[in-house]
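2 protein chains.
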Amino acid sequence: MALLVKKYGGSSLATIDHIKKVAQDIAADHQKGNMVAVILSAMSGETDRLIELSRSVSDMPPSPREQDSIVSTGEQISTALMAITLENLGCPAQSYLGWHIPMITDSSYQKARILEVGKDNLMQTLNEGKVAVIAGFQGINDKGDITTLGRGGSDTTAVAVAAALNADACEIYTDVDGVYTADPNICSRARHLNMVTYEEMLELAGLGAKVLQIRAVELARKYKVPLLVKSSFGGNRYTWIREEESNMMEDAVISGVTLDRNEAKISVINIPDEPGVAHRIINPLAESAINVDMIIQNVSIDGFTDLTFTVPSTDLHQATSLIEKVAHEIGAKEVRTNDSIAKVSVVGTGMKNHPGVAARMFKALADENINIQMISTSEIRISCIIDSKYGELSVRVLHGIFELDNSKNK
Amino acid sequence: MALLVKKYGGSSLATIDHIKKVAQDIAADHQKGNMVAVILSAMSGETDRLIELSRSVSDMPPSPREQDSIVSTGEQISTALMAITLENLGCPAQSYLGWHIPMITDSSYQKARILEVGKDNLMQTLNEGKVAVIAGFQGINDKGDITTLGRGGSDTTAVAVAAALNADACEIYTDVDGVYTADPNICSRARHLNMVTYEEMLELAGLGAKVLQIRAVELARKYKVPLLVKSSFGGNRYTWIREEESNMMEDAVISGVTLDRNEAKISVINIPDEPGVAHRIINPLAESAINVDMIIQNVSIDGFTDLTFTVPSTDLHQATSLIEKVAHEIGAKEVRTNDSIAKVSVVGTGMKNHPGVAARMFKALADENINIQMISTSEIRISCIIDSKYGELSVRVLHGIFELDNSKNK
Chain A
739 MALLVKKYGG SSLATIDHIK KVAQDIAADH QKGNMVAVIL SAMSGETDRL
789 IELSRSVSDM PPSPREQDSI VSTGEQISTA LMAITLENLG CPAQSYLGWH
839 IPMITDSSYQ KARILEVGKD NLMQTLNEGK VAVIAGFQGI NDKGDITTLG
889 RGGSDTTAVA VAAALNADAC EIYTDVDGVY TADPNICSRA RHLNMVTYEE
939 MLELAGLGAK VLQIRAVELA RKYKVPLLVK SSFGGNRYTW IREEESNMME
989 DAVISGVTLD RNEAKISVIN IPDEPGVAHR IINPLAESAI NVDMIIQNVS
1039 IDGFTDLTFT VPSTDLHQAT SLIEKVAHEI GAKEVRTNDS IAKVSVVGTG
1089 MKNHPGVAAR MFKALADENI NIQMISTSEI RISCIIDSKY GELSVRVLHG
1139 IFELDNSKNK
Chain B
739 MALLVKKYGG SSLATIDHIK KVAQDIAADH QKGNMVAVIL SAMSGETDRL
789 IELSRSVSDM PPSPREQDSI VSTGEQISTA LMAITLENLG CPAQSYLGWH
839 IPMITDSSYQ KARILEVGKD NLMQTLNEGK VAVIAGFQGI NDKGDITTLG
889 RGGSDTTAVA VAAALNADAC EIYTDVDGVY TADPNICSRA RHLNMVTYEE
939 MLELAGLGAK VLQIRAVELA RKYKVPLLVK SSFGGNRYTW IREEESNMME
989 DAVISGVTLD RNEAKISVIN IPDEPGVAHR IINPLAESAI NVDMIIQNVS
1039 IDGFTDLTFT VPSTDLHQAT SLIEKVAHEI GAKEVRTNDS IAKVSVVGTG
1089 MKNHPGVAAR MFKALADENI NIQMISTSEI RISCIIDSKY GELSVRVLHG
1139 IFELDNSKNK
């Protein structure tokens, strides 16, 4: 007997028939004597419909508080529907909204962060032999308002609940059957992986692998929650995401190549090279909760320098407004933006012990005449910003160079 | 400057354009310096859609708790949409859900009763110069679950909020322009009334006038909240519902004739005429929150009697099951049901001082060969249960007999 947390995304809940099928899977786990907590997204398309609706009445962007109240109804409906479906199968169940749990968040509507998960109500329901069916994506802030966690936030809800309940595993059911060495749509020779470390997945998720939200993986690593990614549409494939084991992946240098098209580049040209300038430029973005990813500052020439960084494309418009204001204040020459960029990355814990990975990567891109605009590295990742049009090509080239389609490698 | 509570039903919120139009009315009242609290229903059709959805996943009736969670999203969406729309007009606004206020109810899901209305949060919002946009129809019980108040519950929400805030008036905007002497669809000579007392409206609402939920009128009478019924589709007509004034309606004997087709009749035949039997029969209905309206017990013959009563048609099936069980226990001969009945009533505070109203009513029905199956009376009302097929005819006959289409009467 185990305590399982199972999360189903919108595509697994697309229709009433989908909901009934998922309910059977849940009831089967419950029937085996497991304690089961389920986290659900809204039925597919519903979140977009509700966002569209909230925008339809106003010329201005809608109040974030009010939009969150509207959007959160998607999960409110899917969870109660699932509880009804489970009861119909003879499986006792009870739905939970964010404020029922409570799932306490900060006040950043539309991208709230979880501060605390109430454990007592959920454990009582599980101890009563019921399945707890929990609305993903939503929480409550200290004003008592509904907040939402941002796109893909239900993954984060699932991991937070699994951590709070000290679950044996957190199973993420989605429309893919796990993690691959590259996006199979881009690279036909991409290979399925049965296991990756949290660290690798963090780099993979953050770089556009689309399987899991990066926050969910971060949280799983912090609380050592074993994650299992599986397809809710059948098949036997899966990927475990967990701590590195000593006997694992000794020979693997690189575990995957990823491509991210969701960033845009902002350059602030000719700024005074003096203490505090970088802070003054970046801080307004932080205050508006805009994620800055890569940041590069050129060497200073004649007391002036350039600062270039990337932000999510969706935040480019807002970020540019903020930056243009600051640029004017500090006397910068101009602000340039570019959203036709892509970030291609190679990821792998093995590269810690294998020097020369960066050199091989840069050579492979150069051999294809692909210019590298920015570079950033971590212990287990090397990323290059390139012209968007070379995105797919670069993935295939790097997948070949690092012999990821050669199964002996893993 | 006044404190106004304004309630809009689903037909006033049918589309985005309806919502924008209502927002202009609200903003205009706010602009004049009034404090404004708004109570909204779900957009028209939405509640039915959500009930249908909650039934679509299950062969059994869905869990009432879960269904309430689903159905309450209708108002959650309409209120947040209205707040966004008002802000877009430059009118500051904030939405409120049942649990935000809090609107504390008992635990009878789907027909919860309001126990207490939190006043502090709402007053703070009003004092900050914002319009409070409140989800009608919903509350929270002592388990922290969402409850709904039953059909038309938003009227009750409006009056409860008006009472809690000690509002100057509670304006109910609907798709009719007030109260008539009879249903104009049945009786073409029906006359509009500018004013009725709470007591008259209670009888009229409870008897199928469809303008206001009876619970809302009861609550308004208890807390002396002046109610104004108006059409949200324009026109200058309205009806005030308030306390009787000494100089009002001195000559009016009857203010209206109503027809109610939403009841069904249950007879328990040949029951022992001993203490406690009526209680044993009726009590299971009370415990299941089924409203019993008229109750008639025959004179006893040889120690046996019959008990006949009416319940809402929608509860007939459940009521019959309960009653058949009890009938068996107490040794009754049989249980008969009939849902092709109608209740026709004449209502008016004037009849207190005018004897002979009942006699005139019975004679008018007899003259048309309409058989009276049951009779009940109050101080200001006389009701007869008749065969359903004579419903419209009886309204027209009584409307004529009591000279309601003669404006000299009022």
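These protein sequence lines map, in sequence, to chains A and B.
Per the numbering used here, the first sequence runs over residues 739 to 1148.
Per the numbering used here, the second sequence runs over residues 739 to 1148.
Note that CB positions come from ideal geometry on N, CA and C, so glycine has one too.
Of the residues Gln1056(A), Asp1125(A) and Asp1105(A), the one whose Cα lies closest to the Cα of Gln1111(A) is Asp1125(A).
By the C-beta density criterion, Glu1117(A) is exposed, having fewer than 16 other C-beta atoms within 10 angstroms. A distance below 6 angstroms between beta-carbons, with the five flanking residues on each side excluded, links Gln805(A) to the following residues of its chain, in chain order: Ser792. When C-beta atoms of the segment 919-931 of chain A are compared with those of the segment 852-868 of chain A, fewer than three pairs fall below 8 angstroms, so the two segments do not count as touching.
Within the same chain, and ignoring the five residues on either side of Arg803(B) in sequence, the residues whose Cβ sits closer than 7 angstroms to its Cβ are Tyr847 and Asp883.
The segment 876-893 of chain B makes contact with the segment 808-825 of chain B, as at least three CB pairs between them are under 8 angstroms. Boundaries for Asn1036(B): no alpha helix (DSSP H) harbours it, and the DSSP string shows neither H nor E there. If you check the CB distance, Thr977(A) and Leu931(A) come in under 8 angstroms.
Of the residues assessed, Gln762(B) falls on the exposed side of the cut-off, its CB having fewer than 16 other CB atoms within 10 angstroms. Note: Trp978(B) is bridge-paired with Met933(B) and Leu966(B) in the DSSP secondary-structure output. As DSSP reads the structure, Ile1004(B) sits in a beta bridge with Phe1047(B) and Thr1075(B).
Three or more beta-carbon pairs drawn from the segment 1060-1080 of chain B and the segment 1004-1014 of chain B are found closer than 8 angstroms, and the two stretches are therefore classed as touching. When DSSP reads this structure, Phe971(B) sits in no beta bridge, so it has no partner. Within chain B, the residues His838 have their CB atoms less than 7 angstroms from the CB of Gly882(A), given in chain order. Collapsing the DSSP output to three states places Met861(A) in a helix. If you draw a straight line from the Cα of Leu1131(B) to the Cα of Ile777(B), it is about 38 angstroms long. Taking C-beta atoms as the reference points, Ile822(A) and Ser845(B) fail to come closer than 8 angstroms. Of all residues in the segment 812-825 of chain A, only Gly812, Gln814, Ile815, Thr817, Ala818, Leu819, Met820, Ala821, Ile822, Thr823 and Glu825 come within less than 9 angstroms of chain B when Cβ atoms are compared, listed by chain position.
The alpha helix (DSSP H) runs of length 4 or more contained entirely in the segment 818-902 of chain B are, from start to end of the chain, 858-865. Using a Cβ-Cβ cut-off of 8 angstroms, Ile754(B) counts as an interface residue toward chain A, since at least one Cβ of chain A sits closer than that to its own. Asp1044(B) counts as buried, since no fewer than 16 other beta carbons sit within 10 angstroms of its beta carbon.
DSSP places Leu1142(A) in the coil class of the three-state scheme, outside both helix and strand. For the C-beta of Leu887(B), not a single chain A residue is nearer than 8 angstroms; the gap to the nearest is close to 18 angstroms. Selection Leu1136(A), Thr1052(A), Ser750(A) and Ile1113(A) evaluated against Met1099(A) yields Leu1136(A) as nearest (Cα-Cα). Residue state for Thr753(A) is assigned as coil, using DSSP reduced to three classes.
The C-beta distance from Leu957(A) to Thr894(A) rounds to 6 angstroms, short enough to meet the 8 angstroms contact threshold. Rounded to the nearest whole angstrom, the CA to CA distance from Gln814(B) to Leu788(A) is 12 angstroms.
Beta-bridge annotation (DSSP): Val1082(A) is paired with Leu997(A) and Cys1122(A). Chain-ordered, the chain B residues with CB closer than 7 angstroms to the CB of Val795(A) read Ile754, Ile757, Lys758, Leu819, Ile822, Thr823 and Asn826.
Taking the Cα positions, Tyr834(A) is about 11 angstroms away from Met820(A). Boundaries for Met1112(B): no alpha helix (DSSP H) harbours it, while the beta strand (DSSP E) harbouring it runs Ile1110 to Ser1116, taken from the DSSP string.
Interface flag for Met798(A) against chain B is set, since a Cβ pair is found closer than 8 angstroms. Under the three-state reduction of DSSP output, Leu778(A) falls in the strand class.
Among the CB atoms of chain B, one or more fall inside 8 angstroms of the CB of Glu804(A).
Within the same chain, Cβ atoms closer than 6 angstroms to the Cβ of Thr1048(A) are found at Glu1001, Lys1003, Asp1031 and Met1032, the five residues on either side in sequence being excluded.
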